[in-house]
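S.K.:
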Amino acid sequence: MLTAWHVLTYLGAALFLIGGAVRIIRVARMPLHLRWELYPVPHEKGKAHYGGSVLEETDWWLTKREVDHWGELVVMLEEILLLKGVWEHNRSLWYASFPLHFGLYLLIGNIALLIVGGIFELSGVQLGVGSMGQVFSFLLLVVSGVGIAGGVMGLFGALFMLYKRLFVRQLRMYANAGTYLNAIFLGAIFLSALVVFGTDANAPQRLATIYAGLISAGNLPHLTLAMQWHLGICLAFAAYLPLTHMSHLFTKYFMYHDIRWEDTPNTPGGKLEDRIAAQVNQKVSWAAPHIQGGGTKTWVDVATSTGAEDDK
Amino acid sequence: MSKTSTISPKSIKDISKSSDQLAHVDLKDLPPLPPPYDDMEKLPGFKALSEEAREKFDASLDDTLVVSHPKPATPEEEERLVKGFFSGLEKLFTKENNWTFLEPLTMSMEHCAKCQTCATDCPVFTMSGENEVYRPTYRAEVMRRLYFKHVKKGTKVFNSFQNGGIDGNWTTISRLMELAYRCTLCRRCAQSCPIGVDNGLITHELRKLFSMEMGISPKELHEKGTVQQLKVGSSTGMNPVAIKDNVDFIDEDMTDRTGIKVETKWDVEGADILLIHNAGEFLAWPENPGAFALMLEAAGVSWTLSSDLVAYDGVNYGLFYDDAQLARVAARHLEVAKKLKVKKIVMGECGHEHKALGVIADRVFNNSIPRESAMTLMEEIVFSGKLSLDPSKNDFPVTLHDPCNITRAMGIVEPQRRVLRHIAPQFREMEPHGTRNYCCGGGSGFAIMSGHNFADWRMHISGRMKMKQILEAFGDTDLYSDEVKKYICAPCSNCKGQIRDLLDFYGAKTTSGIYYGGLVELIVNAMTDLSEPFLDWDMM
Ligand code: SF4
Ligand code: SF4
Ligand code: SF4
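Note that the protein sequences, when read in sequence, are chains A and B.
Okay, so the first sequence: first residue is 1 according to this note's numbering, each after it adds one.
Okay, so the second sequence: first residue is 313 according to this note's numbering, each after it adds one.
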């Protein structure tokens, strides 16, 4: 039987995914921008360690372009998992930011584990029975540990962050109502996770059953009060996140891969030519005297004039 | 009006509240330089803006003026300006008008976490004694709030709750206009942002809005810069006749000085290389193009200069403030290269020419003649064995200034170093260097701006970090004596202009014997074919 929790969960997940998809599609559909890369670019094979690029080479356009995807991946992972940039440039904030982010990753990881748990349950695997049952038991043990660790780390991070946002001058100056709400929201997620996993030894098992019910749109067991709170807050947060700057969760990839490291040269006959040709034929409406686009001139018109024709 | 102590905004919204000055830097609050430049009393001061200037222009941001926009005479004019600003702001976020930077700009607008990780990486902010107005995120945050309030779709209440509000009045806008010219666009801050937000880009876009929609920009960049370049041929004001005369004179002088016949080639069709210098070199540092001619001839390179309008000046100030002007200038450069049927363009010792022509123009024009850095060409020549070089001729302390546009923006880091390690036995790095270098403080056109008292701002604030780095790089020598000559190699005209001004301002040549110049001069100085040293310290 479908309950309000089913509906709320599907809604929360859908809003999260739609919100994220909208962000991603919006970025992906943006026009090709001018090159604006920033070195070091980690996919520069053999040169990334000192920030070099193929542009150092004689007749670089004749050399085969080698892109080191592995190099990109390593930098991306260090950045996402360890917040390396913050560690290097803003150490005191890292002590708050890292546990906050890592706590969140652990809880997200836990959701994935619980989905697996739900599938075990739906496939009739019984806890501790047979080898699959052993795996299932172990999985729930991990869920419990990860839940507690995530809760502790995250709560510490969220509170520390809130403290910093309130009492460190330059952070307070740039904070606004949303900044505080975000920290409190995150704090509430971690606190409720901690209560769920820290006070109820049966929580992982019960949660696996809940996930089985949610995945299959089947019956749900009773949700403890703590679980209701936890789930409710998480769902509200999932729907809210895409509306905020925290949507960098979805767009960070683009900000690194599509902008900071985007160095594809425009080679004759290459894949960029058509896009560029289309873009420079768009109409410009910039109004300054040296442009006077008026929505009728194209970029080509602008570039091939001097802007001072009127003076003649 | 003379302020007695530092003033720094206390909140973002302070920018909208009218006051004499939003910020003031008291010199005693600036981080000290290493000795013997540590006593502020003994250094030149910071001239106050004249009363007339404050009366006439919108000068309520800080201690200086760059844009120098006259105060609106009537409320109607003020309203027209405000309207113009918001119409430009909207256009910045349309793909037709700003396909060039729409994606990076939107991403930077919407994702800042306000963590301030970028702040300590900004040489302007840190060396201003951390005045809030110069923090990389201050102008970005004002811009962001205006964006969320006026451009971004969504409910006003949610946007202001999430992003904070701001009053987009003329006080805000006129201060933002000046503030767009207190950042050198060096993008060091963007390197440290964990999210990928680029505050340098935000400044760049702000400048574009003012220029492309409202026709407001510093005259050094626009009237005397790109407009003059497109009309007369060069931002120096030299037309094709003047440039040829000038180069003839340089050739003669080189021949006299070195005993080697130097003859610059003009408009050679089918040459391998079209070399484009920053034309400022011909006037301010003629030994640089002279040394290039000498080196290229000695190495037997097939090369030419162009005497076509614009094509003999690699300057492209459009890069700093206006996409239309950028495209116009780059178009002329590329056109001439095609006409001459050269194999490649080599970009001379000019950082922003490198970036404008080397990477930015890449996506404005299809099928262009390829561009290569002079750093690469110099490395190729030095290691080709075609020149006979004696490094002991360069046996004095040499350090390298990395132009941001060549390193951070293009990843051209090692060629110039390999050359220096080879020909300058006492080469030492500045710290930090390479892609993590600090801007000279003259970036984004500042080096050519000295209106009102702006030069004082460049010397005391934006150039302070570079001055500190230079002194530290020569820290193993006696900085109280000018006996040992020290050389800052700055392979960029713009940076050289700023470094020249810094050394003059702080008296570092006479006090510590610190000189500056390009890279090619050191190569020629090491050539065994020259009986006399090429570098003439007395003339530098
Ligand atoms: S620009 Fe980046 S580093 Fe700076 S405050 Fe914003 S998110 Fe932090
Ligand atoms: S671009 Fe450079 S000068 Fe501008 S805010 Fe960033 S670090 Fe500072
Ligand atoms: S002037 Fe030189 S150091 Fe400064 S931003 Fe430009 S290239 Fe960089």
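Where a beta carbon is used, it is the ideal one built from N, C-alpha and C, also for glycine.
A/N281 CB to nearest chain B CB: under 8 Å?
M.R.: Not an interface residue.
S.K.: Closer than 8 Å, Cβ to any Cβ of chain A: which residues of the stretch 493–513 of chain B, in chain order?
M.R.: The stretch 493–513 of chain B vs chain A, Cβ under 8 Å: R499, A502, Q503, S504, C505, P506, I507, G508, V509, D510 and L513.
S.K.: Between which two residues does the alpha helix (DSSP H) carrying B/C807 extend?
M.R.: S805 to Y818 is the span of the alpha helix (DSSP H), which, as asked, contains B/C807.
S.K.: Can you check DSSP and say which residues form a bridge with A/I259?
M.R.: None, per the DSSP bridge assignment.
S.K.: For B/S323, decide whether its Cβ has a neighbour in chain A, counting only Cβ atoms nearer than 8 Å.
M.R.: Taking Cβ atoms only, chain A reaches closer than 8 Å to B/S323, which makes this a yes.
S.K.: Name the chain B residues that come within less than 7 Å of A/P268, Cβ to Cβ?
M.R.: Within 7 Å Cβ-Cβ: N679.
S.K.: Using a Cβ-based criterion (distance less than 7 Å to any ligand heavy atom), does B/N511 qualify as near ligand 2?
M.R.: Yes; taking the cut-off as 7 Å, the Cβ of B/N511 has a heavy atom of ligand 2 nearer than that.
S.K.: Would the beta-carbon of B/T823 be found less than 7 Å away from any heavy atom of ligand 1?
M.R.: No, ligand 1 has no heavy atom inside 7 Å of this Cβ.
S.K.: What does the alpha-carbon distance come out to for the pair B/N806 and B/E661?
M.R.: One C-alpha to the other measures close to 9 Å.
S.K.: Give the straight-line distance between the Cα atoms of A/G295 and A/L81, rounded to the nearest whole angstrom.
M.R.: One C-alpha to the other measures close to 46 Å.
S.K.: Going by beta-carbon coordinates alone, are B/L491 and B/I478 separated by less than 8 Å?
M.R.: Not in contact: B/L491 and B/I478 (Cβ atoms no closer than 8 Å).
S.K.: Could you check the C-alpha separation between A/P99 and A/S92 for me, to the nearest Å?
M.R.: Taking the straight line from one Cα to the other gives about 12 Å.
S.K.: Please compile the residues from chain A whose C-beta is within a distance smaller than 7 Å of the C-beta of B/W615.
M.R.: Neighbours of B/W615 on chain A: none; closest Cβ ~14 Å, over 7 Å.
S.K.: For A/S192, which residues from the same chain have a beta carbon less than 7 Å from its beta carbon, with the 5 sequence-adjacent residues on both sides left out?
M.R.: Hits under 7 Å: A226, W229, H230 and I233.
S.K.: Output, in sequence order along the chain, the residues in the stretch 28–39 of chain A whose CB is closer than 7 Å to any CB in chain B.
M.R.: Within the stretch 28–39 of chain A, the residues whose Cβ lies closer than 7 Å to some Cβ of chain B are M30, P31, L32, H33, L34, R35, W36, L38 and Y39, listed in chain order.
S.K.: Run through DSSP, which three-state label would B/H764 get?
M.R.: The answer is coil: DSSP assigns B/H764 none of H, G, I, E or B.
S.K.: What are the residues of the stretch 724–746 of chain B that lie near chain A, defined by any Cβ-Cβ distance shorter than 8 Å?
M.R.: For the stretch 724–746 of chain B, which is checked against every Cβ of chain A, the residues closer than 8 Å are I724, V725, E726, P727 and G746.
S.K.: What residues in its chain sit with their C-beta under 8 Å from that of B/D584, if we drop five residues either side in the sequence?
M.R.: Taken in chain order, the residues that qualify are V613, S614, W615, V654, K655 and K656.
S.K.: Rounded to a whole number of angstroms, what is the C-alpha to C-alpha distance between A/A13 and A/L214?
M.R.: Approximately 11 Å, taken between the alpha carbons.
S.K.: Report yes or no: is there a C-beta of chain A within less than 8 Å of the C-beta of B/V671?
M.R.: At least one chain A Cβ lies under 8 Å of B/V671.
S.K.: When you compare the stretch 444–457 of chain B with the stretch 280–300 of chain A, are there three or more beta-carbon pairs, one atom per stretch, that lie closer than 8 Å?
M.R.: Not touching, per the Cβ criterion.
S.K.: For the alpha helix (DSSP H) that contains B/Y459, what are its first and last residues?
M.R.: Per DSSP, B/Y459 belongs to the alpha helix (DSSP H) from P448 to H462.
S.K.: Examine ligand 5 and report whether any of its heavy atoms sits within less than 7 Å of the Cβ of B/C505.
M.R.: No copy of ligand 5 occurs in the structure displayed; its ligands are ligand 1, ligand 2 and ligand 3 alone.
S.K.: Taking Cβ-Cβ distances shorter than 7 Å, what residues in chain B pair up with A/W61?
M.R.: Residues of chain B passing the Cβ test: P682.
S.K.: For B/P416, go through chain A and note every residue whose CB falls closer than 7 Å to its CB, in chain order.
M.R.: Simply H33, W36 and I259.
S.K.: Strictly by DSSP, which residues pair up with B/R683?
M.R.: B/R683 pairs with B/I657.
S.K.: For B/P348, I'd like the list of residues in its chain whose CB is within less than 8 Å of its CB, leaving aside the five on either flank, ordered along the chain.
M.R.: Cβ within range, chain order: L791, Y792, T823 and S824.
S.K.: Quick one: does A/M76 have its CB under 8 Å from some CB of chain B?
M.R.: Answer no: the Cβ-Cβ gap between A/M76 and chain B never drops below 8 Å.
S.K.: Between the C-alpha atoms of A/S285 and B/C804, what's the straight-line distance to the nearest angstrom?
M.R.: Cα to Cα, A/S285 sits roughly 35 Å from B/C804.
S.K.: Go ahead and pull the three-state DSSP assignment for A/V168.
M.R.: Here A/V168 sits in coil by DSSP.
S.K.: Given a cut-off of 8 Å, decide if B/G755 and B/C801 are closer than it, judged by their beta-carbon atoms.
M.R.: No, they are not a contact pair.
S.K.: Is the beta carbon of B/M455 sitting closer than 8 Å to the one on B/L518?
M.R.: Yes; because the gap between Cβ atoms is below 8 Å, this pair is in contact.
S.K.: In whole angstroms, what is the alpha-carbon distance linking B/G571 and B/S843?
M.R.: Near 8 Å, if we compare the C-alpha coordinates of B/S843 and B/G571.
S.K.: In the DSSP output, which residue or residues are listed as bridge partners for B/G829?
M.R.: B/G829 is bridged to B/C801.
S.K.: Give the C-beta separation of A/L162 and A/A183 to the nearest angstrom, bearing in mind that I take them to be a contact with Cβ-Cβ under 8 Å.
M.R.: Indeed they touch by this definition, with Cβ atoms about 4 Å apart.
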